[in-house]
Each structure stands twice: as structure tokens, then as C-alpha cells.
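Trainee: Chains as they are written, first to last, in my numbering: chain A, 1 to 329; chain B, 1 to 329. Every residue gets a Cβ at the ideal spot worked out from N, C-alpha and C, and that includes glycine. Shown below is the structure under consideration.
2 protein chains.
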Amino acid sequence: MVDVARLAGVSLKTVSRVVNGEPHVQRAMADRVLAAVAELGFQRNHMASALRAGRASATIGLIIEELANPFYSTIAHVTAEMARDRDTLLLSASSEEDPVREEQLLRDLCSRRVDGLLVVPAGCDHSFLNSQVEMGIPVVFLDRPGTNIDADAVLLDNRGGARSGVRRLVADGHRRIGVLLDSVDVHTMRERLAGAQDALADAGIGYDGALVRDGVRDPATAAAAVADMLTQPNPPTAFLALNNRITVGAVQELWQRGSDAALVGFDDFELSHLMPRPLTVIGYDTRELARRAAQLLFARIDGDRSRPRTVVLPTELVERGLTAGRLPR
Amino acid sequence: MVDVARLAGVSLKTVSRVVNGEPHVQRAMADRVLAAVAELGFQRNHMASALRAGRASATIGLIIEELANPFYSTIAHVTAEMARDRDTLLLSASSEEDPVREEQLLRDLCSRRVDGLLVVPAGCDHSFLNSQVEMGIPVVFLDRPGTNIDADAVLLDNRGGARSGVRRLVADGHRRIGVLLDSVDVHTMRERLAGAQDALADAGIGYDGALVRDGVRDPATAAAAVADMLTQPNPPTAFLALNNRITVGAVQELWQRGSDAALVGFDDFELSHLMPRPLTVIGYDTRELARRAAQLLFARIDGDRSRPRTVVLPTELVERGLTAGRLPR
DNA sequence: CGACGGTCGGACAACGTTGTCATACTCTCT
DNA sequence: AGAGAGTATGACAACGTTGTCCGACCGTCG
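See below:
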């Protein structure tokens, strides 16, 4: 900027005024400045500008589990779009479900003075964020609530969704329903499992530990679990897969064995209607989830000081057969 | 920091030393400072720090077409992971294939003094980036080369891939092959179309404009195009879909009609092995694409001043039938 | 006892920008 | 002509941090 000022023969402040489109600069002088800017390829330093003006950094931070997962990348995309409408960019990072890493990333984002944080929490204690919130960096939790912190959250009706899925299976006459889940350490998994158990209890079906498989982290494990359960005595006649990766593995295994066991999966996914066997899923609107969270965050950034809210979005049982294919979007 | 210094009864510089772990501070004094830091919840301002120290911002910018698309989200994920190994965060934005928006975003990223840029270009002129490169912000193009700029690029062998796909169809006896593409405005599409025509020319099959459909932007359009082409006189006996969204639409339409037309799709995708009809795809390693680009960028950031390189990664024809399902990963 | 080397702490300027205020000039109106 | 209002420009400090340099203090050795 000093160079531009020198080349145009004006003061620093005049350059600043021209660059920021402030009024009260003569046309001729502005042109001289713009010419100098063009010649030197000057570009305002956004960091210095925000520092001096005490302005927001026009950045929001997003912590998710893994960017490559379609669920999270949809969230990232929607929030980035909404941010763009406010000339704000998205700084995103994956926690990989590691609480330590999550805290590191969150601290890093805070030290960069992001305007706000959108977090799909992995950790079990977010109390260290309280001081940041007090100091003006609002936080909104997504998909799972934060712990030891009173902040906004936008969640899904995981319990209700799982309950309606199992209720459907029970209505179809199933009494032995295998449940496959990632890990009870994850809040959403606990909720979904509880919902499944609600439905079983509603139907007066007792709990059978042999029908619940924990630690199913990927499609291959899911396939193996299905195979194993089907070869036990008194096997399940239906399965509930508690996330989309598990569903994919289960679909594959059931299809390859030619098994006619029923399957309900939590999470819809892009090609679910093209799977090689009928697949009923518990769906929800991922974009709406992200949209609501971003709206809440921006309201906080704009000064909303009302009490933290928790929004729970509904799920929907999408019953589909082989021929019910519809094109996405 | 002023408050911390006052509370600890030391000077600013001493606080700075403690916060940055510099040596030559007595244990007792350091403890006093740390206590004050904890009490006040002080967190170093990364922007001011980078500004003063002339240090890098520990941020890289990524411009892609659309974050919600699995291809791009994989790229984002891999680059974010590699960045994290350098304590660098990823500032990502979607161009939505809009050259104007792309330029705005790139300028914004430059004004934030990112350490480097990773770009899947949408625009047709990137000469405005030349001055930024000169001023020390390296740029690496991904998937498509930049225009009017001499910069690194990591590309796929689009032409060779399409050629091998069509060669396969020709070897199976097909002579009328329908080609579906997004837009000839996109570099990768032009290359893939050229590859298809190479293979046809190799086989001595003349060009028939009626067999090429442009402007197929989504699955629904692809399905409609397939339906239309199949109801023309002398219809194609095989299709080449030049990206994964087109492939999905084509799969769906062929399957619903019970058509036995062959189908080869460019781009592999997660559930391609579970599609309801045999699907041969032209695959490649998206993660490797991102990895190589990030490696190049970090080398530039670390001072590599050698001549810009263009890396072309191979594609692979993945021939799959209904029963050849394999689990992903 | 004086000099010396090492350790520790602080004053000050600077990074690139903008808010505040002061100044100089130009109109217009009485 | 002089007051008053508005416009155009610049000098300077400040944002939060750190690099540079200088000085104070300590112990040790000749």
C-alpha cells in the first residue's frame, strides 16, 4: 500500500479510501490510485484489515467427522453456500472422531478468530469452548449435542426414526430383528439403538443381546456380521442397519446370499433406490439440518443473545421396493 | 495480551515468550504467566501473529466445483489431511462452474494471504493469477489445466481412458455407440469425447453426430437422452457416459426399460458394483490425484522454484458384471 | 575487586491496514 | 466580505503480536 501511495503520489489513507470505495475522493485522484494498484498488482491484506478495523474475519469454522463422507460433505456444501451469501468463507477440518484432535482444531480455529463455529462433536467435554463463547465466538452443534456447554444444537429425531423403522418390521411380522451399529460411544448410535428397543418394548418383544452387534465400522464388517448372524441357530428374519455404511454392507451380503431377510437402514443415500434388493430407509433432510444450523449460527453472529435452542428435525420412513426407483434430485 | 501481562506483572514480550515456548524465561515467571493466561482465557491471535512475524497464514485455499460431489469432497478430504500434517487448515469454496465466481473466490483467498492455492478451474482465463504467483502464492491445478498461466497441474488421462472404454465396446462388436456428455465447454469432457472418437477412428467407424448428446447435466437428463436415443431409428447398441452422474441416469433408464444395451461409464463411484445391471467403468485414483497435487503445492510453498510440471495419472478400465461385486475399501 | 559471560526481562518499532481528527480548500448565502 | 457548510486530503495512532536490541542481574574466575 505504501508503494501504491508513492506511485500515485498520494497518502496511505487515500489509497485505503479508494480501495474500500469510500466517498470523498476526487475522480482524477481515484483513477491515479487505481492505475497504481493495477500496475503493482496490489491486493489489500485481509488479515491486517480485519485486525485494524476490529472487524470479523469473514470466516466460519466447521468441524465434522470426515469430509469425504457424503453426509458431512453435504453439510459442508450447504454451510459454505450460506456463508458465501455473507461474503464469508468456510474453514473446514475433520476430527476423525478423535476428541483430542477435535479440541486442537477448535482451539486453532478460535485463535484464527473465526466469526463462529459449526461443530459435529466427537469429544465428550466441550467446556473449554465456554470461554470462547463468552468472548464472542458463537458455537452451534450439529447432529449431536455438545457436552458441558449450553449452546445451540440442531439434531435429528434419531430415536423416533429408529423406532418407526422397527415398528414397521414388527408390523410385517418380524420378531427376531438384528441390529447393527457402529459404536455405542457415539451419541447418535445410542439414540438409534434406544429407539429400536422402544419399538421392541412397545411390541412386547424381549431384548436379546445376541441380536445386537456393536463395532460395525464399515461395509465389510457389516457384511461379516450379517453372515455370522444368519448362520447362528434361530437367526434374525430382519435387520436394522444404524447408518448408511452398515446398510451398504448388509445389502451386499443379503443380496449375494439370496437371503430374503428384510432390511431397514438408517440414513438415506444417493443411490439407495438403485440397490439390487428392496431397501427401506429412515431418511431425513441433511440439507435442512445444515441450513438450520447455519441460520442459527449467523443469527448469533449478528448479535442474537437469546437462550440457546435445540432444534430436532423429523425423520421419515421411506419404503421402497425394487421397482420404485426414482431419479435423484 | 496486555491484560495477561498486567495480571502476571510482566511485560508484553515475556508473555509472548511464554506463549510461544521460547527459552530464557524463569520457571516461576512462566508459571505466573501461564496462570494469568488460564485465568483470562487468553488465546493468541493467529492473524496478528502472522502479520507481525511475516509468517505464513498456515492456510491453503481450495477451489472446486461443488463440495457435495463425492469426487470433490474426496479431494477436499485428502488435501485437508495432508495440510493437517503441516498444521495448516483448508479454506474451501465451490465455484459452481461459474468463472466469475471462481475469480472472486480466488481473489478473496489471495487477499487472505493463503500459503497456496489448489484449483479445479472453471474459468477460461487465469492470467490474473500470474501476479499472485510472482508474489509468492503458488497455484496447482487439479483435474483440469489452468489457462494463460504457467503452473503445475495434476490431470487424469481422460483421452486415453475414454479411448480404452470405447475400444472395449468395439471389441465386443458394437458399432453404434451413443456418447453422453455434460458440456464441451468443460476441458475434461472435450478430452473424453476426443478419446472416444480416437477409438472409433482406430476401428474405422465413421462419426455420426446423432450419436453424441451434449448438455447432459444430471441423471434425469441422462435418462431422457438414453430413452430418446433408443427410440430413434437405428438406435445405439451401447452407451458411453462421460461422467458418473450421467452413468447413474443411464443405468437407471436401461435397467427400467430392460434394455440390453452395453454401458461404459467414466468415473468409478462408491456403489458402482451394486448397480442393478452390469456396469463397466473407467476408474482412476481420486485420492492419488489429490495427494500428488497437494505434494506439488507443498513443495512450492517450501521454496521449490523448478519449472512447472504437468502430471498425468492413468485410468483403468474396470470391467464388472452383476456378480462381480466387491466391497468398497 | 573488577571483568566477564550467561541469563532474564523490558522498551520500542514494525507488520499492513483503517478510524479519528485536523487542515485546506471551495461554495453559497446573507 | 465574512460566516457557515461541505468536500477533499493527509498525519497519526492504533489493532495484537513479535523481532531487535539494550540493560540488569547473577555467579564465577583471575
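Rounded to whole angstroms, how far is the Cβ of B/Arg287 from the Cβ of B/Val78, which I believe are closer than 8 angstroms?
Mentor: Their Cβ separation, rounded to whole angstroms, is 5 angstroms, which keeps B/Arg287 and B/Val78 in contact under 8 angstroms.
Trainee: Establish whether the CB of A/His126 and some CB of chain B are separated by less than 8 angstroms.
Mentor: So no, A/His126 is outside the interface.
Trainee: Would A/His174 pass as an interface residue toward chain B - the criterion being a Cβ-Cβ separation below 8 angstroms?
Mentor: Not closer than 8 angstroms to any Cβ of chain B, the Cβ of A/His174 fails to qualify, so no.
Trainee: Identify the residues that DSSP records as bridge partners of B/Ile64: which are they?
Mentor: Beta-bridge pairing links B/Ile64 to B/Ser94.
Trainee: What residues in its chain sit with their C-beta under 7 angstroms from that of B/Gly325, if we drop five residues either side in the sequence?
Mentor: Note on B/Gly325: pLDDT 32, under 50, position unreliable in the model; no value is reported.
Trainee: Who are the neighbours of B/Arg44 on chain A, taking C-beta pairs under 8 angstroms?
Mentor: Under the 8 angstroms cutoff, chain A gives Ser111.
Trainee: Is the shortest distance between the beta-carbon of B/Pro328 and the beta-carbons of chain A less than 8 angstroms?
Mentor: Low local confidence applies: a pLDDT of 36 at B/Pro328 is under 50, so the model's placement there is unreliable, with the coordinate-based value given in what follows. Closer than 8 angstroms to some Cβ of chain A, the Cβ of B/Pro328 qualifies, so yes.
Trainee: What does A/Ser57 touch in chain B if you count any residue whose Cβ is under 9 angstroms from its own?
Mentor: Those are Met47, Arg112, listed as they occur along chain B.
Trainee: Considering A/Gly116, what are the terminal residues of the beta strand (DSSP E) in which it resides?
Mentor: Unbroken beta strand (DSSP E) run through A/Gly116: 116 to 119.
Trainee: Could you confirm whether any beta carbon from chain B is found closer than 8 angstroms to the beta carbon of A/Val251?
Mentor: Chain B contact via Cβ: present.
Trainee: Closest by CA to A/Asp185, which one among A/Ala162, A/Gly160, A/Arg144?
Mentor: For the residues A/Ala162, A/Gly160, A/Arg144, the minimum Cα distance to A/Asp185 belongs to A/Arg144.
Trainee: Using DSSP with H/G/I as helix, E/B as strand and the rest coil, what is B/Leu181?
Mentor: DSSP places B/Leu181 in coil when its eight states are reduced to three.
Trainee: Can you list the beta strand (DSSP E) stretches of 3 or more residues lying completely in the region 134 to 164 of chain B, in chain order?
Mentor: 139 to 142, 152 to 156, all fully within the region 134 to 164 of chain B.
Trainee: Tell me whether A/Ser95 is buried or exposed, calling it buried when 16 or more other Cβ atoms sit within 10 Å of its Cβ.
Mentor: Its Cβ being crowded by 16 or more others within 10 Å, A/Ser95 is buried.
Trainee: Kindly indicate if chain B contains any beta-carbon less than 8 angstroms away from that of A/Val226.
Mentor: By this cut-off, A/Val226 is not an interface position.
Trainee: Starting from A/Phe298, trace the beta strand (DSSP E) both ways and give me its first and last residue.
Mentor: Looking at the DSSP string, A/Phe298 is not in any beta strand (DSSP E); the run it does join, the alpha helix (DSSP H), is 286 to 301.
Trainee: Please report whether the beta-carbon of B/Leu296 lies at a distance below 8 angstroms from any beta-carbon of chain A.
Mentor: Taking Cβ atoms only, chain A never reaches closer than 8 angstroms to B/Leu296, which makes this a no.
Trainee: From this set, A/Arg6, A/Leu117, A/Ala122, which residue's C-alpha is nearest A/Thr147's C-alpha?
Mentor: Looking at the Cα atoms, A/Ala122 is the closest of the given residues.
Trainee: Between the region 43 to 52 of chain A and the region 251 to 271 of chain A, can you find at least three pairs of beta-carbon atoms closer than 8 angstroms?
Mentor: Verdict: no, contact absent.
Trainee: Using the three-state DSSP reduction, which class does B/Ile246 fall into: helix, strand or coil?
Mentor: If DSSP states are grouped into helix, strand and coil, B/Ile246 belongs with the helices.
Trainee: Please report the distance separating the alpha-carbon of A/Tyr284 from that of A/Arg163.
Mentor: Distance between the alpha carbons of A/Tyr284 and A/Arg163: 14 angstroms.
Trainee: DSSP puts B/Ala238 in a beta bridge; with which residues?
Mentor: For B/Ala238, which the question treats as bridged, DSSP gives the partners B/Ile177, B/Ala262.
Trainee: Quick one: measure Cβ to Cβ for B/Leu211 and B/Val179, integer angstroms, because I've assumed they're closer than 8 angstroms.
Mentor: Going by Cβ atoms, the distance from B/Leu211 to B/Val179 rounds to 6 angstroms, so yes, they are a contact pair.
Trainee: What does DSSP give as the partner residues of B/Ile282 in its beta bridges?
Mentor: Beta-bridge pairing links B/Ile282 to B/Phe266, B/Leu317.
Trainee: Once DSSP output is grouped into helix, strand and coil, what is the label at B/Pro328?
Mentor: Only weak support is given to the placement of B/Pro328: the predicted model assigns it a pLDDT of 36, under 50, and the value that follows is read from those uncertain coordinates. Coil, per DSSP.
Trainee: Are there 16 or more other CB atoms within 10 angstroms of the CB of A/Thr231, so buried, or fewer, so exposed?
Mentor: Burial call: exposed.
Trainee: Apart from the five residues on each side of it in sequence, which residues of its chain come closer than 7 angstroms, Cβ to Cβ, to B/Val25?
Mentor: The residues are Thr14, Arg17, Val18.
Trainee: Taking 8 angstroms as the threshold (beta carbon to beta carbon), is B/Gly146 in contact with chain A?
Mentor: For B/Gly146, the answer is no, since every Cβ of chain A falls outside 8 angstroms of its Cβ.
Trainee: Straight-line CA distance for B/Phe128 to A/Val4?
Mentor: Spanning the two alpha carbons is a distance of roughly 18 angstroms.
Trainee: Taking only beta-carbon atoms, is A/Val248 less than 8 angstroms away from chain B?
Mentor: Answer yes: the Cβ-Cβ gap between A/Val248 and chain B drops below 8 angstroms somewhere.
Trainee: Look at the alpha carbon of A/Ile64 and the alpha carbon of A/Ile177, and state the distance between them as a whole number of angstroms.
Mentor: Straight-line Cα distance between these residues: approximately 31 angstroms.
Trainee: A/Gly325 CB to nearest chain B CB: under 8 angstroms?
Mentor: Reliability of the predicted coordinates at A/Gly325 is poor, the pLDDT of 32 falling under 50, and no value is obtained from them.
Trainee: Name the DSSP bridge partner or partners of A/Thr310?
Mentor: Bridge partners of A/Thr310: A/Ala153.
Trainee: Within this structure, are the beta carbons of B/Leu181 and B/Arg192 separated by less than 8 angstroms?
Mentor: For B/Leu181 and B/Arg192, yes; Cβs fall inside 8 angstroms.
Trainee: A/Met1 CB to nearest chain B CB: under 8 angstroms?
Mentor: Taking Cβ atoms only, chain B never reaches closer than 8 angstroms to A/Met1, which makes this a no.
Trainee: Using a Cβ-Cβ distance under 8 angstroms, would B/Arg54 count as near chain A?
Mentor: As written in the sequence, residue 54 of chain B is Gly, which differs from the Arg given in the question. By this cut-off, B/Gly54 is not an interface position.
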